[in-house]
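Everything below concerns the one structure shown next.
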Amino acid sequence: MKAANLQLNGILFIAFFMGSLAVNAQISLPDKKLEKLYLQVSGAQTGKGDHYAGLETSMQAYFHRNWTATVSFHKLNVKPSNLPGDYKPAYGYTFFLFIPLQNTQKDLVINLDLVSITAGKKFPLGRKAWMTTEAGISLGKGEKASFTPRPIVTIDYNYLIVGEYSQTSNYDMVKKDQFAAGLMFRTDLSFAITRFMGIGWGAFADINSVNTAIGYDFKLLIGNMGIKKRNKDHSKAINHLQ
Numbered sequence: 210m211k212a213a214n215l216q217l218n219g220i221l222f223i224a225f226f227m228g229s230l231a232v233n234a235q236i237s238l239p240d241k242k243l244e245k246l247y248l249q250v251s252g253a254q255t256g257k258g259d260h261y262a263g264l265e266t267s268m269q270a271y272f273h274r275n276w277t278a279t280v281s282f283h284k285l286n287v288k289p290s291n292l293p294g295d296y297k298p299a300y301g302y303t304f305f306l307f308i309p310l311q312n313t314q315k316d317l318v319i320n321l322d323l324v325s326i327t328a329g330k331k332f333p334l335g336r337k338a339w340m341t342t343e344a345g346i347s348l349g350k351g352e353k354a355s356f357t358p359r360p361i362v363t364i365d366y367n368y369l370i371v372g373e374y375s376q377t378s379n380y381d382m383v384k385k386d387q388f389a390a391g392l393m394f395r396t397d398l399s400f401a402i403t404r405f406m407g408i409g410w411g412a413f414a415d416i417n418s419v420n421t422a423i424g425y426d427f428k429l430l431i432g433n434m435g436i437k438k439r440n441k442d443h444s445k446a447i448n449h450l451q
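Add 209 to a position in the sequence shown, counting from 1, and you land on the number used in the working numbering.
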């Protein structure tokens with residue numbers, strides 16, 4: 210519990226620090242090659258099931274000629290990429306007063322903590338929308354899973370009003386922390402909803418030495434959105450037609 214609280218506090222501290230940096234940068238940036246700086250906080254989904262999810266905190270910079278660069282921190286729960294094809298999870302039922310209560314094994318989860326640096330291009334899609342595609346490197350740590358075959362053990366008993374029927378998995382899994390190094394690919398579609406806030410949807414793939422992570426995310430952007438002004442001549446023409 211203490212470790213989880215420390216991790217959450219660390220993520221909140223990083224988000225607060227990056228947010229302060231983004232706001233200060235918007236105030237002090239000169240009209241040079243670095244044009245925009247955004248804080249991005251997002252929730253990610255890495256597979257089917259409630260256990261396959263994650264968080265991301267990142268800082269994205271926009272440069273001259275629509276070049277972009279992002280520094281991000283991902284904390285992910287993913288499915289083991291080396292899961293055997295014939296793997297069977299443990300499952301069972303407990304009977305109480307003849308009512309079956311399912312007791313199925315939880316989804317197998319691998320934890321990944323990654324810091325990535327990516328670069329790419331921005332593609333404007335109008336006054337309030339844009340798309341980015343980036344690629345780069347990632348470093349961090351993660352759990353490496355190993356699987357050992359084992360015989361399935363069945364438990365089946367009844368005692369008065371209480372009973373149980375269950376089977377163990379056909380594999381034992383052992384997880385070990387390892388250093389992770391790999392390549393990160395990401396693409397995002399963003400929309401400005403106010404002058405200093407936006408939302409976005411994206412997809413990412415991290416191919417690393419521990420466990421591949423593929424997912425999508427929904428994010429909140431904080432910074433100067435740079436909403437372009439309407440073309441005055443176009444607006445006058447529309448008003449004239451009306």
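Glycine included, each C-beta is placed from N, C-alpha and C at the ideal position.
Note that the structure is a prediction, hence the values are computed from the model and not measured.
*Would you tell me roughly how many angstroms separate the C-alpha atoms of N320 and G252, rounded to the nearest one?*
Mapped onto the sequence shown, residue 320 falls at position 111. Mapped onto the sequence shown, residue 252 falls at position 43. So the alpha carbons of these two residues sit roughly 15 Å apart.
*asked:* Short of 8 Å in beta carbon distance, which residues of its chain neighbour N275, apart from the five on each side in sequence? Order them along the chain.
replied: Within the sequence shown, residue 275 is the residue found at index 66, counting from 1. The residues are K330, K331, F332 and P333.
_First through last residue of the beta strand (DSSP E) which encompasses F305_ = Taking the first residue of the sequence shown as 1, we reach residue 305 at position 96. F305 -> beta strand (DSSP E) spans Y300 to F305.
*Contacts around T421, its chain only, beta-carbon distance under 6 Å, and the 5 residues preceding and following it disregarded*: Reading the sequence shown from its first residue, position 212 is the one you call residue 421. The answer, listed in chain order, is S290.
*Check whether the region 384-391 touches the region 356-373, taking contact to mean three or more Cβ pairs, one atom from each stretch, closer than 8 Å.*
no
_Please state whether the Cβ-Cβ distance between A401 and I436 is less than 7 Å._
Taking the first residue of the sequence shown as position 1, residue 401 is located at position 192. Taking the first residue of the sequence shown as position 1, residue 436 is located at position 227. For A401 and I436, yes; Cβs fall inside 7 Å.
*Can you tell me the Cα-Cα spacing of N433 and Y271, whole angstroms?*
On the sequence shown, residue 433 is found 224 positions in, with the first residue counted as 1. On the sequence shown, residue 271 is found 62 positions in, with the first residue counted as 1. Going by the C-alpha atoms only, they are around 11 Å apart.
_Euclidean distance between Cα positions of Y300 and T357_ = Locating residue 300 in the sequence shown gives position 91, counting from the first residue. Locating residue 357 in the sequence shown gives position 148, counting from the first residue. Those two C-alpha atoms are separated by around 18 Å.
*Below 7 Å between beta carbons: does that hold for D386 and T341?*
Here residue 386 corresponds to residue number 177 of the sequence shown, with the count starting at 1. Here residue 341 corresponds to residue number 132 of the sequence shown, with the count starting at 1. No.
_Between the CA atoms of G294 and Y380 - distance to the nearest angstrom_ = Against the sequence shown, residue 380 aligns to sequence position 171. Against the sequence shown, residue 294 aligns to sequence position 85. Near 11 Å, if we compare the C-alpha coordinates of G294 and Y380.
*asked:* Which residues does DSSP list as the beta-bridge partners of I431?
replied: Counting from 1 along the sequence shown, the entry for residue 431 is found at position 222. Answer is L248 and M406.
*Closest by CA to P360, which one among L429, K257 and P298?*
For the purposes of this step, residue 360 is identified with residue 151 of the sequence shown, where counting begins at 1. The option with the nearest alpha carbon to P360 is P298.
_Using CA atoms only, rank isn't needed, just tell me which of D426, T403, R404 and N417 is closest to G411._
Looking up residue 411 in the sequence shown gives position 202. Checking every option, the nearest Cα to that of G411 belongs to D426.
*asked:* Tell me which residue opens and which closes the beta strand (DSSP E) that L323 is part of.
replied: Taking the first residue of the sequence shown as 1, we reach residue 323 at position 114. Per DSSP, L323 belongs to the beta strand (DSSP E) from I319 to P333.
_Taking 7 Å as the limit between beta carbons, can you name the residues of its chain near T363, skipping five residues before and five after?_
Counting from 1 along the sequence shown, the entry for residue 363 is found at position 154. Taken in chain order, the residues that qualify are Q376.
*Thinking C-alpha only, which one of H273, W339 and Q254 is nearest H283?*
In the sequence shown, counting from the first residue as 1, residue 283 sits at position 74. Minimum Cα distance to H283 is reached at Q254.
*Just confirm the distance between the C-beta atoms of S355 and V324, as a whole number of angstroms; I'd bet it's less than 8 Å.*
Locating residue 355 in the sequence shown gives position 146, where the first residue counts as 1. Locating residue 324 in the sequence shown gives position 115, where the first residue counts as 1. Contact doesn't hold; Cβ gap of about 25 Å is too wide.
*Could you round the C-beta distance between M406 and L317 to whole angstroms and report it? I think they count as a contact, below 8 Å.*
In the sequence shown, counting from the first residue as 1, residue 406 sits at position 197. In the sequence shown, counting from the first residue as 1, residue 317 sits at position 108. With a Cβ gap of about 37 Å, M406 and L317 do not count as contacting.
*Report yes if the CB atom of G452 is closer than 7 Å to the CB atom of T327, and no otherwise.*
No statement about residue 452 is possible, as the shown extent of the chain runs from 210 to 451 and does not include it.
*So who's on the other strand from S281, going by DSSP bridges?*
Counted from its first residue, the sequence shown places residue 281 at position 72. The secondary-structure analysis by DSSP pairs S281 across a beta bridge with S267 and S325.
_So, under 8 Å CB-CB, K384 and G409 are touching, yes? Tell me the CB distance rounded to an integer number of Å._
Counted from its first residue, the sequence shown places residue 384 at position 175. Counted from its first residue, the sequence shown places residue 409 at position 200. With 8 Å as the limit, K384 and G409 do not qualify as a contact, their Cβ atoms being about 33 Å apart.
*Which whole-angstrom value is the C-beta distance of T279 and M268, which I expect to be below 8 Å?*
The residue given as residue 279 occupies position 70 in the sequence shown. The residue given as residue 268 occupies position 59 in the sequence shown. With a Cβ gap of about 7 Å, T279 and M268 count as contacting.
*If you drop the 5 nearest sequence neighbours on each side, which residues of the same chain put their C-beta closer than 7 Å to that of K337?*
For the purposes of this step, residue 337 is taken as residue 128 along the sequence shown, with counting starting at 1. If we look at K337 and ignore the five residues flanking it on each side, its Cβ neighbours are F400, A401 and I436.
*Out of R404, I308 and F413, point me to the one whose CA is closest to V371's CA.*
For the purposes of this step, residue 371 is taken as the residue at position 162 of the sequence shown. The shortest C-alpha separation from V371 is found at I308.
*Around the Cβ of F413, are there at least 16 other Cβ atoms within 10 angstroms (buried) or fewer (exposed)?*
Here the question's residue 413 lines up with position 204 in the sequence shown. Under this definition F413 is a buried residue.
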